[in-house]
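Novice: Handing you this structure, nothing more for now.
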Amino acid sequence: MMRLEPRTAPSPLLIYGAPVLAAVISLVLAAIPLLAAGVNVFQAYGVMISGALGSQFALTEVVARATPLILTGLAAAIAFRAKLFNIGAEGQLYIGALAAVAIGSGRFDGPAPLMILGICIAGAVAGALMMLGPTVLKVKLGADEVVTTLLLNFIVALFVQMMIEGPMKDPMSMGWPQSEPILDSATLPKLIDKTRVHAGLIIAILAAIGTEILMRRTVPGFRIRAVGASPAAARFAGMSVTKTMLLVGALSGAFAGLAGVGEVAGLKGYLTNDLSPGYGYAGIVVAMLAGLSPIGVIAAAFFVAAVFVGADSMSRAMTVSSYIANLIVALGLLSVLLSGVLTRYRIRWSLPARGRAS
Amino acid sequence: MASVFDILLTVSFWAAAVRIATPLIFGVLGALLCEKSGVLNLGIEGIMTVGAMSGWLAVYAGADLWTGVVVAAFMGALFGLLLSFFTVTLGLSQHVSGLGVTMLATSAAYFTYRVILPNVDTPPRIVPFQPLDIPVLSSIPFLGPVLFQQTALTLLAFVLVGVLAWFLAKTPLGLAVRAVGENPSAVEAQGLNVLWLRTGAVVAGSAIMAIGGAFLTMSAFDAFFFEMVAGRGWICIALTVFASWKPGKALFAAILFGAFDAFQVRLQQVVGAFLPSQIFLMIPYILSIVALVVWSRRASYPKALMIPYVRGQR
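Listed in order, the protein sequences are those of chains A and B.
Residue 8 is where the first sequence starts when you use this note's numbering, and the numbers rise one by one after that.
Residue 1150 is where the second sequence starts when you use this note's numbering, and the numbers rise one by one after that.
Dropping the structure here:
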């Protein structure tokens, strides 16, 4: 029989080692589908590592992919801390991008700092509003936010499709469903020339540091942690659970919205319906790998970005489906849950007592 | 506008509603079985995807249709077992574990499909289940064509509604499953094993969900497409609340939903020239949210839903 016995004080090594262990477990498990696909696993991982870290181009690509993942990771981390399960970051990302395009593609023009500030605010507000809906439905009516945010992702995808095929379609796009391009004045500057690394990275890192300070050093941050630990106790201590939840929902949605702003105004330049290859969902994995720590999200986002970039080049080199990246990321989420168990409990093995079938 | 509502009286409209409802009937029955035992199965979206892919693949590889259904159910059960290991055995977050299983199951299905068929532009087809012609029943006016000139899987769904209702209400095991979702300590005090009961319910529920997915590739369509499940799993979770965890009401909820969806398709044909098609496609998702919100308030959730059971702990 296997028994789980709580550890009284997990060592720092266990706490910080757990995400690393999870990463290793997920890569080891991912060897199974690779083997099944008839691929030389060692060669595949070699290609994957050099594809993610082996060249300057690869490294900048990892940084570019990590940028939205930091923000969607923060969106999940802060919400999950308060036990508000926002799975709608994908939709909030698209709504943020749509708002950025609405402001930044010609309706207004002005000096660059003002325009960039404008699209960032628009994207953040749009994302926040998108998440406030499910948050209100949860705290006021008890509707499970997981289901509402997931369903909203589909609604937003259709809405974006409708806008870029209709009112916001670029007349110069030769019929392709895409929005008008973001003006030069609203485009996020590149941090490194001739790469895809843009100023969104600075926004993302500042957001992570700001969230860390908020959670550790401020009263609202304390309330968020308290509500997450025990809503009943928080309420008993005189805190407004509703207000705290609304704050968390707004911040979470705003981060995801900002991720969309960065993608559309820093990278792509216009909105299409394939702006995000699932950054919203991958953000959940990032947050869990980071143990819901805002600063940890940065490191976890770089890891997940490296997996995406590495798996992409591996799938090209070994002609194996690029869904391998999604598989590894999904395995990462389950592995981090498992390694969390190992840090919180020790496993005791004992023989089942005879005659007492359990 | 009169013509739009005349649609509601036609046989073909209601036949379509039942057809659209079929995967949802399986999905809601599976979800409610899991939830009755105290486990929210958010693996449903991925499990339906796995069911759709594996059932179709088995038939494509030469198996007969019913073997395909069994393969789909078995694969669904496997992922259900994985979910129950995380949520029941280890007692981890049902939200996060469920999403993890959905992500894993979905990407595993897509990966497998691409490994077996690396470069196909048009998805290969199979010969799917054909509509039945049952001697007496199918010739009943109106109800015959609506309910009985469907494929065998739709009839299986109807039968399953009755079986599950009987199982939960009348059998000792069904009572134990219900009790374990309300008060697991009391069940343990009766000398029953809470973990085994919950694991069994999740595995069986997942197998049922996977058949719902298989309906898509083996009856509604004849091929597998990426993203073809399209949120049906999440819709089922919402409909389970709407159906108050009762199999009979689940059937009603799914058919009502199917009717709205079928109506949306026909409305699109009538007024589609004036409104973008996406407006109509949004309707099912919006309806699901509305159904969830309106019924969440008065819903009597299984009391131990989402509460992991640890032996000897209160």
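Just so it is clear, CB atoms sit at the ideal spot from N, CA and C, and this is done for glycine as well.
None of these values were measured; they are calculated from a predicted model.
To which residues of the same chain is L1454/B closer than 8 Å at the C-beta, ignoring the five residues directly before and after it?
Specialist: E1184, G1187, V1188, L1189 and G1330
Novice: Please decide whether S300/A counts as near chain B, where near means a Cβ-Cβ distance under 7 Å.
Specialist: no
Novice: Counting beta carbon pairs with one atom in the stretch 1199-1212 of chain B and one in the stretch 1247-1263 of chain B, are three or more of them shorter than 8 Å?
Specialist: yes
Novice: Check each candidate in L76/A, M138/A and M252/A and name the one with the smallest Cα separation from P238/A.
Specialist: M252/A
Novice: Should L190/A and G111/A be called a contact, given that it needs their Cβ atoms to be closer than 7 Å?
Specialist: yes
Novice: Spell out a yes or no on whether the stretch 202-221 of chain A and the stretch 133-141 of chain A are touching, meaning 3 or more CB-CB pairs, one atom from each, closer than 8 Å.
Specialist: no
Novice: Would you verify that the beta carbon of P40/A is, or is not, closer than 7 Å to some beta carbon of chain B?
Specialist: yes
Novice: Use the C-beta contact count for P1321/B: other C-beta atoms within 10 angstroms, 16 or more gives buried, fewer gives exposed.
Specialist: exposed
Novice: Here's a check: name, in chain order, each residue in its chain whose Cβ is nearer than 6 Å to the Cβ of R1466/B, leaving out the five neighbours to either side.
Specialist: The displayed coordinates of chain B run from 1150 to 1463. Any statement about residue 1466/B would go beyond what the structure contains.
Novice: Relative to chain A, which residues along the stretch 1238-1265 of chain B have a C-beta separation below 7 Å, given in chain order?
Specialist: L1239, L1241, H1244, V1245, S1246, L1248, G1249, M1252, L1253, S1256, A1257, Y1259, F1260, R1263 and V1264
Novice: Can you pull the DSSP bridge partners for H205/A?
Specialist: According to DSSP, which records beta bridges pairwise, H205/A is partnered with K197/A.
Novice: Under 8 Å: do the stretch 87-101 of chain A and the stretch 257-277 of chain A share three or more Cβ pairs, one atom per stretch?
Specialist: Touching, yes.
Novice: Could you confirm whether any beta carbon from chain B is found closer than 7 Å to the beta carbon of S328/A?
Specialist: yes
Novice: Helix, strand or coil: which one does DSSP assign to P13/A?
Specialist: P13/A falls in the strand class under three-state DSSP.
Novice: Run through DSSP, which three-state label would Y101/A get?
Specialist: helix
Novice: With a threshold of 7 Å between beta carbons, is Q168/A in contact with chain B?
Specialist: Cβ-Cβ to chain B under 7 Å: yes for Q168/A.
Novice: Hey, how far is the Cα of K147/A from the Cα of R1446/B?
Specialist: Rounded to the nearest whole angstrom, the C-alpha separation of K147/A and R1446/B is 9 Å.
Novice: Could you give the distance in angstroms between the alpha-carbon of A71/A and the alpha-carbon of L1400/B?
Specialist: In this structure, the CA atom of A71/A is about 48 Å from the CA atom of L1400/B.
Novice: Please report the residue range of the beta strand (DSSP E) in which Y23/A lies.
Specialist: Counting along the chain, Y23/A falls outside any beta strand (DSSP E), though it belongs to the alpha helix (DSSP H) covering P19 to A43.
Novice: Classify E219/A: buried if its beta carbon has 16 or more other beta carbons within 10 angstroms, exposed otherwise.
Specialist: buried
Novice: Is the CB of S1161/B under 7 Å away from at least one CB in chain A?
Specialist: no
Novice: Could you give the first and the last residue of the continuous beta strand (DSSP E) run that contains W356/A?
Specialist: Y352 to W356
Novice: Can you give the beta carbon distance from F1228/B to F1364/B, rounded, assuming they're within the 8 Å contact cut?
Specialist: About 17 Å; that fails the 8 Å criterion.
Novice: Quick one, which of A1353/B, S1437/B and A1207/B has its alpha-carbon nearest A1387/B's?
Specialist: S1437/B
Novice: Going along the chain, which residues of its own chain have a beta-carbon closer than 6 Å to the beta-carbon of V343/A, five neighbours each way excluded?
Specialist: A29, M295 and L296
Novice: With distances taken from CA atoms, which of L159/A, S357/A and V348/A is nearest P17/A?
Specialist: V348/A
Novice: I'd like to check one pair, R353/A with E12/A: are the Cβ atoms closer than 7 Å?
Specialist: yes
Novice: Along chain A, which residues have their Cβ under 9 Å away from the Cβ of G1380/B?
Specialist: L157, L158, N160 and F161
Novice: In whole angstroms, give me the CA-to-CA distance for R223/A and A206/A.
Specialist: Distance between the alpha carbons of R223/A and A206/A is about 26 Å.
Novice: Mind checking R10/A: buried by the 16 CB within 10 Å criterion, or exposed?
Specialist: By the neighbour-count rule (16 or more Cβ atoms within 10 Å), R10/A is not buried but exposed.
Novice: Residues bridged to S1368/B by DSSP?
Specialist: BP columns for S1368/B are empty, so no partner.
Novice: Looking only at DSSP bridge pairs, what is S186/A linked to?
Specialist: K176/A
Novice: When we look at the beta-carbon of V27/A and count the other beta-carbons within 10 Å, is it buried (16 or more) or exposed?
Specialist: Exposed, because fewer than 16 other Cβ atoms sit within 10 Å of the Cβ of V27/A.
Novice: Can you check which of these residues, G317/A, G264/A, V314/A and A84/A, is closest to M138/A by C-alpha distance?
Specialist: G264/A
Novice: Excluding the 5 residues flanking M175/A on each side, which residues of the same chain have their C-beta closer than 6 Å to its C-beta?
Specialist: S186
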